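Per this note's numbering, the very first residue in the sequence shown carries number 3; after that it's consecutive. Where is the CB? At the ideal position from N, CA and C, for every residue including glycine. On a predicted model such as this, the values are computed, not experimentally measured, just so you know. Below is one structure, written out as structure tokens; the observations come after it.
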Amino acid sequence: ELAELEGAGEALDALEARRDKLQQQYAKAADVLGASRRDAATRLAAEVGALMGELGMAGGTLAIELEPAGGGDPDPQGRERCELLVSANPGQPPRPLRKVASGGELARISLAIEVATLGKDTVGTMVFDEVDTGIGGAVAEVVGQKLRSLGTRRQVLCVTHLPQVAAQGHAHLQVSKRSDGETTATLIKALDGAGRQAELARMLGGLEITAATRAHAKQMLERAQAG
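If you want it as structure tokens, here you go:
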């Protein structure tokens, strides 16, 4: 005990020297990480902004702001925190995505981010809901194409009411409800080729399904699978 007490000053000096060395190493690593983040933020914002236009948000932009992390102590996440800022319409200043995006916009921006970063993460399964809110026609088909491209590398589940999106799927599951007056059950049925055409025709035609509607559904499915 006496030896430890007599050597306490030297031990403290050694610890302080080690601490200073580690602080320098951390500062260097944090600087490298921060520079990499700034470069990636610029490229990702540009790619996602271009995809937002394709997904029905023409003129929309995404900005990635790197804010200083609170506190001065070393942090495993580095010295910055990331905030996604979005402007969904021309002329609107970017605001935090978590505060201003609607459900449909958030789903489509998430889709744009996933497409832009495809192959750069380890996420195995993605679920998209409301991705088709407020869109239709050609934009809906583009959304379906982007989802299909993700599906070549990931398992992608998408809840949709649009035939343009449903036609692009590698598989189609029909969800329905049945009730006997006392209980209600949710049923999920995997559709084959004929079943998919019939379901797409129903989504296209509503109550009245004509030969033209069925032909359109067949054409949509064939075009999607060929692409």
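Residues that residue i bridges to, as DSSP identifies them
{"i": "A192", "result": "L175"}
{"i": "S89", "result": "T63"}
{"i": "D131", "result": "V161"}
{"i": "L68", "result": "C84"}
{"i": "S181", "result": "T186"}
Test item: CB-CB of residue i and residue j under 8 Å
{"i": "M205", "j": "H163", "result": "yes"}
{"i": "A47", "j": "A65", "result": "yes"}
{"i": "R202", "j": "A169", "result": "With the sequence shown as reference, residue 202 is identified as Leu, and Arg is not the correct amino acid for it. Yes, they are a contact pair."}
{"i": "A90", "j": "E107", "result": "yes"}
{"i": "G93", "j": "T135", "result": "no"}
{"i": "L57", "j": "V145", "result": "yes"}
{"i": "E132", "j": "A109", "result": "yes"}
{"i": "L189", "j": "S181", "result": "no"}
{"i": "L87", "j": "P70", "result": "no"}
{"i": "G121", "j": "R155", "result": "yes"}
{"i": "V50", "j": "I115", "result": "yes"}
{"i": "G126", "j": "Q157", "result": "yes"}
{"i": "A226", "j": "P165", "result": "no"}
{"i": "M54", "j": "I137", "result": "no"}
{"i": "R198", "j": "L223", "result": "yes"}
{"i": "Y28", "j": "P76", "result": "yes"}
Extent of the continuous alpha helix (DSSP H) run through residue i
{"i": "T44", "result": "10 to 56"}
{"i": "T2", "result": "Outside the shown range of the chain (3 to 229) lies residue 2, about which nothing can therefore be said."}
{"i": "Q147", "result": "139 to 153"}
Distance cut-off 7 Å: residue i Cβ against heavy atoms of the ligand MG
{"i": "M205", "result": "For the ligand MG, the structure offers nothing, since it holds no ligand at all."}
The stretch 58 to 78 / the stretch 12 to 20 touching (three or more Cβ pairs under 8 Å): no
Ranges of the alpha helix (DSSP H) found wholly within the stretch 96 to 128, counting only runs of at least 4: 99 to 102, 105 to 118
Meets three-Cβ-pair contact criterion under 8 Å: the stretch 212 to 221 and the stretch 171 to 178: no
The stretch 19 to 37 contacting the stretch 77 to 85, beta-carbon criterion three pairs below 8 Å: yes
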